[in-house]
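Residue numbers for the sequence shown follow this note's numbering, beginning at 545 and rising by one.
Just so it is clear, CB atoms sit at the ideal spot from N, CA and C, and this is done for glycine as well.
Taking it in order: structure first as structure tokens, then the write-up.
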Amino acid sequence: MKKIKIIISLIITASSLFANPFNDKLTDEEKDSLNKGEIVIKNIDSPKNMCLSGFSKDAQMLIDTTKNVKPKYLAEVIQYKPYKGNENYAQVLEEMLYHVEDFTDIPYVTSSGGQYHLYESAEILEENKSENMTKLKVRIYMDPFANVYQDMDIYKGEEVLLYTAKNTNKLRYRDEFDCLGPGKMLTCIYLFREGENWVFYAVGGVNAPHIPFFTERIRRSFMNRINTFCNYIFKKF
């Protein structure tokens, strides 16, 4: 009987560990901030530093997708929101991400203090919908990279939503030099329920070359825009 109790205890412990959405890369201080409802932004540079664990097939898919891009610059954005009274958040987020033309309302502040919109224009070029998946081909105009063509996938299940957006064209910096190849810029947003909370998790990164005298400027240009987009979406809830 004692052995059975020990085995059951071990099974429960293992299940609990497996179900934990975050690993030890999420610090106690960051956990405290999340429990206060604050947004946590982590500049992590490499997928090996991601705090998201592969606790579900959707989470593992997100991790694998990020690793496949082999980003040289990477950031995570996380926030908790109460589930009670907000049970429709997955539906609301799906509709928000689908209406890409509204992305032109996103304000952007440059590192020098200049203010304008993150995207000058945005439109859906092609769409394919199934029961749980929406696949979009999108064009956005984002200074200083001009037209960015993206494949956007939005999967919505029961109390979960996974969004991925990846560029499909080569990007140039101010039409001066190539700075990013196709499939080298990724933004993911993952919404899932964890107990009494919705967890908003986003990761964004780029696999951009190190170019003398321009590396830091390119890094800031991409990462500031990815963080601005994720922050804007999270703050809508």
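Could you check if residue i is buried or exposed, using at least 16 other CB atoms within 10 Å of its CB as the buried criterion?
| i | result |
| --- | --- |
| F773 | buried |
| L789 | Residue 789 is absent from the structure shown; the chain starts at 545 and stops at 781. |
| S656 | exposed |
| L669 | exposed |
| K728 | buried |
| P591 | buried |
| T731 | buried |
Determine the extent of the beta strand (DSSP E) in which residue i is found, giving its start and end residues.
| i | result |
| --- | --- |
| K575 | Taken as a continuous stretch (DSSP letters only), K575 belongs to no beta strand (DSSP E), being part of the alpha helix (DSSP H) at 572-579. |
| Y617 | 617-626 |
| A679 | For the record, residue 679 in the displayed sequence is Lys; it is not Ala. Unbroken beta strand (DSSP E) run through K679: 677-685. |
| V584 | 584-587 |
| V644 | Here V644 belongs to no beta strand (DSSP E), and DSSP marks it neither H nor E. |
| F509 | The displayed coordinates of the chain run from 545 to 781. Any statement about residue 509 would go beyond what the structure contains. |
| P651 | 651-653 |
Excluding the five sequence neighbours on either side, which residues of its own chain have a C-beta within less than 6 Å of the C-beta of residue i, listed in chain order?
| i | result |
| --- | --- |
| Y633 | W742 |
| Q694 | V682, A709, N711 |
| R716 | D722 |
| L680 | I668, E671, M696 |
| T787 | Coverage of the chain is limited to positions 545 through 781, which leaves residue 787 absent and any answer about it impossible. |
Can you tell me whether DSSP reads residue i as helix, strand or coil?
| i | result |
| --- | --- |
| I777 | helix |
| L495 | Residue 495 cannot be examined here, being either before or after the span of the chain that is shown, 545 to 781. |
| I698 | strand |
| K673 | strand |
| M594 | coil |
| S560 | In this prediction, S560 has a pLDDT of 38, which is less than 50 and means its spatial position is unreliable; nothing more can be read from the coordinates. |
| F766 | helix |
| D719 | coil |
| A603 | helix |
| A746 | strand |
| M731 | In the sequence under discussion, the amino acid at residue 731 is Thr, which differs from the Met named in the question. In the structure shown, T731 sits in a strand (DSSP, three-state: E or B). |
| N751 | coil |
| N630 | coil |
| N711 | strand |
| N741 | strand |
Grab the span of the alpha helix (DSSP H) containing residue i for me, first residue to last.
| i | result |
| --- | --- |
| E664 | Note, E664: premise wrong, no alpha helix (DSSP H); not H, not E. |
What number of angstroms, rounded off, separates the C-alpha of residue i from the C-alpha of residue j?
| i | j | result |
| --- | --- | --- |
| Y627 | G701 | 16 Å |
| R769 | Q623 | 18 Å |
| N751 | A690 | 18 Å |
| E620 | E573 | 16 Å |
| K673 | H643 | 14 Å |
| Y663 | E645 | 10 Å |
| K614 | R718 | 24 Å |
| L570 | N579 | 13 Å |
| Y776 | F744 | 12 Å |
| Q635 | K611 | 28 Å |
| F583 | C595 | Note on residue identity: the sequence assigns Ile, not Phe, to residue 583. Their Cα atoms are separated by approximately 15 Å. |
Among the residues of its own chain, which have a CB less than 7 Å from the CB of residue i, if the five just before and after it don't count?
| i | result |
| --- | --- |
| R761 | none |
| L554 | Summary for L554: the model assigns pLDDT 42, below 50, so the residue's position carries little reliability, and this model does not support an answer. |
Please confirm whether any heavy atom of the ligand FMN lies closer than 8 Å to the CB of residue i.
| i | result |
| --- | --- |
| D608 | Ligands are entirely absent from the displayed structure, and the ligand FMN is therefore not among its contents. |
Here's a check: name, in chain order, each residue in its chain whose Cβ is nearer than 8 Å to the Cβ of residue i, leaving out the five neighbours to either side.
| i | result |
| --- | --- |
| H534 | The shown model of the chain, from 545 to 781, leaves out residue 534, and the question about it has no answer. |
| I556 | Caution is warranted here: a pLDDT of 41 is assigned to I556, below 50, making its placement in the model unreliable, and the coordinate value is therefore given only provisionally. Counting only Cβ-Cβ distances below 8 Å, and skipping sequence neighbours, we find nothing. |
| N771 | I585, A619, V621, G748 |
| G581 | Q623, Y624, K625 |
| E703 | A634, F736, R737 |
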